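With the first letter of the sequence shown counted as 1, position 71 gets the number 303 in the numbering used here; the numbers rise by one all the way through.
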Amino acid sequence: MSRFHLVLVMFLLSEMLWITTTAEAGRSEAMSVSPAAPGHRSHEGGVIRPAEREISGELLTKTIRGYLETEWGRRVKDVQVTVLDPAEPIKVPSGDMELHVVPVSNDERLGRRTFQMAVNVNGKSWNTVEVLADVAAMIDALAPNRSLKSDEIIDGQDLKTVRMRTHQLSHPFITDREEVIGKSAARPLPADVPFRAGFLKAPVLIKKGDRVMIEAKRGGLSIQAYGVTKSSGRVGQTVMVSNLDSGRELQAKIVGPGLVQVEF
233 MSRFHLVLVM FLLSEMLWIT TTAEAGRSEA MSVSPAAPGH RSHEGGVIRP AEREISGELL
293 TKTIRGYLET EWGRRVKDVQ VTVLDPAEPI KVPSGDMELH VVPVSNDERL GRRTFQMAVN
353 VNGKSWNTVE VLADVAAMID ALAPNRSLKS DEIIDGQDLK TVRMRTHQLS HPFITDREEV
413 IGKSAARPLP ADVPFRAGFL KAPVLIKKGD RVMIEAKRGG LSIQAYGVTK SSGRVGQTVM
473 VSNLDSGREL QAKIVGPGLV QVEF
């Protein structure tokens with residue numbers, strides 16, 4: 233073999249040895265990298281800490297609102313809750329979380345209130361969080377849909393509902409239609425102003441000069457006669473009535489439209 237061929241063989245052998253060494257080093261380096269464990273990596277020595285989750289202000293609001301809606305039932309139409317504190321989300325350990333308001337009996341305050349909220353993680357009690365919130369209640373109050381004159385009798389077609397914010401659950405406004413229909417206005421009432429109890433009164437059922445039925449009862453005995461009223465009145469009031477048959481005047485109690493009762 234010539235000197236040239238010997239040099240060429242030695243060069244090729246050295247190149248093959250370098251490629252083999254480089255490949256082995258690459259495989260060794262790749263095997264030394266392990267996948268990251270779940271959780272959050274700290275900057276202090278690569279320590280892996282357990283994952284956390286957060287209780288947002290939205291979740292606190294939803295939980296308090298649901299609690300109050302259950303407590304107050306049909307007394308209000310809607311509940312509005314604004315969480316004031318904590319302002320930042322609450323961090324809790326990762327896991328199945330349950331959140332509920334610790335009940336307080338007979339607490340019907342509106343405005344700013346503090347709620348104790350129990351937090352359970354994986355079925356175990358983790359902490360009790362204090363939450364400051366502003367609470368408002370909305371009701372559907374009844375109001376006249378037109379102006380009403382004094383003593384005007386109100387029927388269902390005269391009514392509308394007005395959604396309004398109330399500052400106390402024991403509010404003075406009327407929400408039940410049965411409390412209004414058939415009553416009369418105690419004074420002139422403008423449209424759209426919610427009814428209060430003082431705005432209404434029992435209607436005048438009998439007016440002076442009305443022809444009425446006079447009924448006298450005792451035990452199973454009932455006697456009836458026609459008469460004419462000498463004054464006007466409402467249910468339960470006493471008026472003077474003139475008996476058309478005898479001409480006698482009697483005191484009678486108004487019990488319904490066109491009907492009065494006397495005792496004998």
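Idealized CB from N, CA, C, for every residue including glycine. This one's a predicted model, so the numbers in the text were calculated from it and none came from an experiment.
Out of curiosity, what's the CA-to-CA distance linking residue i and residue j?
| i | j | result |
| --- | --- | --- |
| Asp-387 | Val-425 | 16 Å |
| Glu-320 | Gly-289 | 7 Å |
| Pro-376 | Arg-428 | 11 Å |
| Thr-461 | Tyr-299 | 57 Å |
| Ser-326 | Pro-335 | 26 Å |
| Gly-414 | Asp-317 | 49 Å |
| Leu-421 | Leu-391 | 12 Å |
| Trp-358 | Ala-368 | 30 Å |
| Gly-459 | Ile-385 | 25 Å |
| Val-351 | Thr-360 | 6 Å |
| Thr-393 | Glu-411 | 14 Å |
| Asp-328 | Val-353 | 5 Å |
| Gln-389 | Thr-302 | 32 Å |
| Gly-490 | Val-444 | 5 Å |
| Ala-457 | Ala-448 | 9 Å |
Roughly how far, in whole angstroms, is the beta-carbon of residue i from the beta-carbon of residue j, given that I think they are within contact range, below 8 Å?
| i | j | result |
| --- | --- | --- |
| Val-487 | Ile-446 | Wrong, their Cβ atoms sit about 11 Å apart, outside the cutoff. |
| Val-315 | Thr-293 | 5 Å |
Please classify residue i as buried or exposed, where buried requires at least 16 neighbouring CB atoms within 10 angstroms.
| i | result |
| --- | --- |
| Ala-417 | buried |
| Ile-371 | buried |
| Asp-310 | exposed |
| Lys-356 | exposed |
| Leu-476 | exposed |
| Ile-296 | buried |
| Phe-431 | buried |
| Ile-455 | exposed |
| Ala-484 | buried |
| Leu-380 | buried |
Please tell me whether residue i and residue j are closer than 8 Å, where the distance is taken between their beta carbons.
| i | j | result |
| --- | --- | --- |
| Leu-374 | Thr-398 | no |
| Glu-286 | Ile-322 | yes |
| Val-492 | Val-473 | yes |
Identify, in the order they occur along the chain, each residue of the same chain with its Cβ nearer than 8 Å to the Cβ of residue i, setting aside the five sequence neighbours on each side.
| i | result |
| --- | --- |
| Gly-465 | Val-436, Leu-437, Ile-438, Val-471 and Ile-486 |
| Leu-401 | Trp-304, Arg-307, Val-308, Glu-340, Leu-342 and Ala-369 |
| Lys-440 | Thr-461, Lys-462, Ser-463 and Ser-464 |
Excluding the 5 residues preceding and the 5 following residue i in the sequence, name in chain order all residues of the same chain whose CB lies nearer than 7 Å to its CB.
| i | result |
| --- | --- |
| Arg-480 | none |
| Asp-383 | Ser-416, Ala-417 and Val-436 |
Tell me which same chain residues have a C-beta within less than 6 Å of the C-beta of residue i, skipping the five on either side of it?
| i | result |
| --- | --- |
| Leu-364 | Leu-316, Asp-317 and Thr-346 |
| Pro-404 | Arg-428 |
Could you tell me whether any Cβ in chain C is nearer than 8 Å to the Cβ of residue i?
| i | result |
| --- | --- |
| Gly-451 | This model lacks chain C altogether, as it is built from one protein chain only. |
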